[in-house]
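Peer 1: Take the position in the sequence shown, starting the count at 1, then add 1430; the result is the number in my numbering. Backbone N, C-alpha and C define an ideal beta-carbon position, used for all residues, glycine too. A quick note: this is a predicted structure, and the numbers were derived from the prediction, not measured. This is the structure, below, for whatever I ask next.
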Amino acid sequence: MRTGLSMLATLGAMLLAAGASQAQDKVTIGVSYQNLAFPYVAALQKAAQNACKALDVKCAEADAVNDTNKELNNVESMMTKGINCLAFEAASLEASVASIKAANKKGIPVVQFNGKAGGGDYVTFVGSAQTDSGVKLGTYLAGLYKSLGKDKLRGIYLRGVAGQVTDIARNDGMKNFLQSAGLADKIAFTEQYADYDRGKAQSVAESLLTKDKAYDFIVANNDDMILGALQVVRQFGLVGKIHMSGVDGLPEALAAIKKGELDATVFQDPEGQGGGGVWGCYLALKGVKLPKDILIPFSLVTKDNVGDFVAIADRVYVK
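Listed below in structure tokens is the structure:
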């Protein structure tokens, strides 16, 4: 398993190779987040702040709240106040390009992390190929199909924010995997958006399960939604009867896997992504040539390997 710590160690070696241990003028790194209301994004922030402290740089932060107009205003405001580099977590595949181009126009280097916009000039992207998280969900469903031995499976699929870059990628990754595995007509979804929100996911799950409790599974594009759905599954006494998996590796999800309430989650590394965004900016400002993509792999977490991920999650998730 490659963790954020190993990725940061690699960047640190590059930093030393660049001779950046010498005293330098203090720089300011602007960090733009998708939506800090999401636990995973809050973990990214904690990791970014830790990296800023470790590197002794100033950190200017802004929360887009999934609003690309606010995102652009935030970026313009940070640039007006003075930043040397922008660590940017795109809220939208297309609309967030405007923020990157605004930084390009001012000559401010951009490092993308976690969410990746589809245009504009950037130094490097530090994150995960979000389609791969969908592939991991598809892999989980393929294994479930085989283990249950049914001709067809029926499930609930909780999606995030419509049009948001991560949700699109996870959806495409999962469905393309199932198509290539010959399971597209064997696994049927009742699909609804719940905006990555635990309360909304709970309401959606309650509405659907009140009408029909015969679903085989529930999958969600983040752990907050699967944890909301789990509340309903508990309420209806369906734990173990409805199989469940999310994405992120939140501490609560890992605990639910250990208890046998969730089958799985797909772990993504906030330490590597959030800290890596700041380190990427720092190295870029030192003149280090970075690869266009620094990719951090996802991992499918089950009861068999959940212990490997608990310490990482405990380090960065806000309690």
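Under the three-state reduction of DSSP, which class applies to Gly1564: helix, strand or coil?
Peer 2: Gly1564: helix per DSSP, three-state reduction.
Peer 1: Counting pairs of beta carbons, one from the region 1590 to 1605 and one from the region 1539 to 1549, are three or more of them closer than 8 angstroms?
Peer 2: They touch, by the three-pair rule.
Peer 1: Check whether the Cβ atoms of Val1662 and Glu1636 sit closer than 9 angstroms, and answer yes or no.
Peer 2: Result yes, Cβ atoms of Val1662 and Glu1636 sit closer than 9 angstroms.
Peer 1: How would you call Ala1743, buried or exposed, if buried means at least 16 neighbouring beta carbons within 10 angstroms?
Peer 2: Under this definition Ala1743 is a buried residue.
Peer 1: Indicate the three-state DSSP secondary structure (helix, strand or coil) for Ile1672 in the structure shown.
Peer 2: Reduced to three states, the DSSP call for Ile1672 is strand.
Peer 1: Where do the N-terminal and C-terminal ends of the alpha helix (DSSP H) with Lys1535 fall, by residue?
Peer 2: Run containing Lys1535: Val1527 to Lys1536, per the alpha helix (DSSP H) assignment.
Peer 1: Taking the alpha carbon of Lys1726 as the point to measure from, which residue in Ser1563, Ala1484 and Gly1550 has its own alpha carbon closest?
Peer 2: Correcting the residue type first, residue 1726 is Ile in the shown sequence and not Lys. For the residues Ser1563, Ala1484 and Gly1550, the minimum Cα distance to Ile1726 belongs to Ser1563.
Peer 1: Pull up the DSSP beta-bridge partners for Thr1620, would you.
Peer 2: In DSSP, Thr1620 forms a bridge with Ile1586.
Peer 1: Should the region 1684 to 1695 be regarded as contacting the region 1514 to 1525, the criterion being three or more beta carbon pairs within less than 8 angstroms?
Peer 2: The region 1684 to 1695 vs the region 1514 to 1525: no contact.
Peer 1: Can you list, in chain order, the stretches of the alpha helix (DSSP H) that have 4 or more residues and sit fully within the region 1685 to 1735?
Peer 2: The region 1685 to 1735 contains these whole alpha helix (DSSP H) runs: 1700 to 1715.
Peer 1: Classify Ser1675 as buried or exposed, calling it buried when 16 or more other Cβ atoms lie within 10 Å of its own Cβ.
Peer 2: Buried, because 16 or more other Cβ atoms sit within 10 Å of the Cβ of Ser1675.
Peer 1: Ala1503: which of Lys1643, Gln1479, Ile1530 and Asn1514 sits nearest, CA to CA?
Peer 2: Here the sequence assigns Asn to residue 1503, which means Ala is not the residue at that position. The shortest Cα separation from Asn1503 among Lys1643, Gln1479, Ile1530 and Asn1514 belongs to Ile1530.
Peer 1: What are the start and end residues of each continuous beta strand (DSSP E) run of 3 or more residues lying completely inside the region 1596 to 1641, in chain order?
Peer 2: Whole beta strand (DSSP E) segments, 3+ residues: 1617 to 1623.
Peer 1: For Cys1482, which residues in the same chain have their Cβ closer than 6 angstroms to its Cβ, ignoring the five residues on either side in sequence?
Peer 2: Cys1489 and Val1708.
Peer 1: Tell me the DSSP secondary structure of Gly1557 in three-state form.
Peer 2: Gly1557: strand per DSSP, three-state reduction.
Peer 1: Under the rule that 16 or more other beta-carbon atoms within 10 Å means buried, what is Asp1734, buried or exposed?
Peer 2: It counts as exposed.
Peer 1: Can you tell me whether DSSP reads Gly1761 as helix, strand or coil?
Peer 2: As displayed, the chain neither begins before 1431 nor continues past 1749, which places residue 1761 out of reach and without an answer.
Peer 1: Select from Gly1512, Ala1532, Lys1616 and Asp1627 the residue whose C-alpha is nearest the C-alpha of Asn1499.
Peer 2: Minimum Cα distance to Asn1499 is reached at Ala1532.
Peer 1: Taking all protein chains shown into account, do 16 or more other C-beta atoms lie within 10 angstroms of the C-beta of Glu1701, making it buried, or fewer, making it exposed?
Peer 2: Buried is the call here.
Peer 1: Using the C-alpha atoms, what's the distance from Ala1473 back to Ile1513?
Peer 2: Each residue's alpha carbon lies about 23 angstroms from the other.
Peer 1: Out of curiosity, what's the CA-to-CA distance linking Ile1648 and Ile1586?
Peer 2: Rounded to whole angstroms, Ile1648 to Ile1586 spans 5 angstroms at the Cα level.
Peer 1: Rounded to the nearest angstrom, what separates Val1746 and Phe1607 at their Cα positions?
Peer 2: Roughly 31 angstroms between the two C-alpha positions.
Peer 1: What's the gap between the Cα of His1673 and the Cα of Asp1646?
Peer 2: Cα-Cα distance, rounded: 6 angstroms.
Peer 1: Let me know the secondary structure DSSP gives Asp1497 once reduced to three states.
Peer 2: Coil at Asp1497, not helix or strand.
Peer 1: Assign Val1471 to one of three DSSP states: helix, strand, or coil.
Peer 2: The answer is helix: DSSP assigns Val1471 an H, G or I state.
Peer 1: Any idea what DSSP makes of Lys1456, helix, strand or coil?
Peer 2: Of the three classes helix, strand and coil, the one that applies to Lys1456 here is coil, per DSSP.
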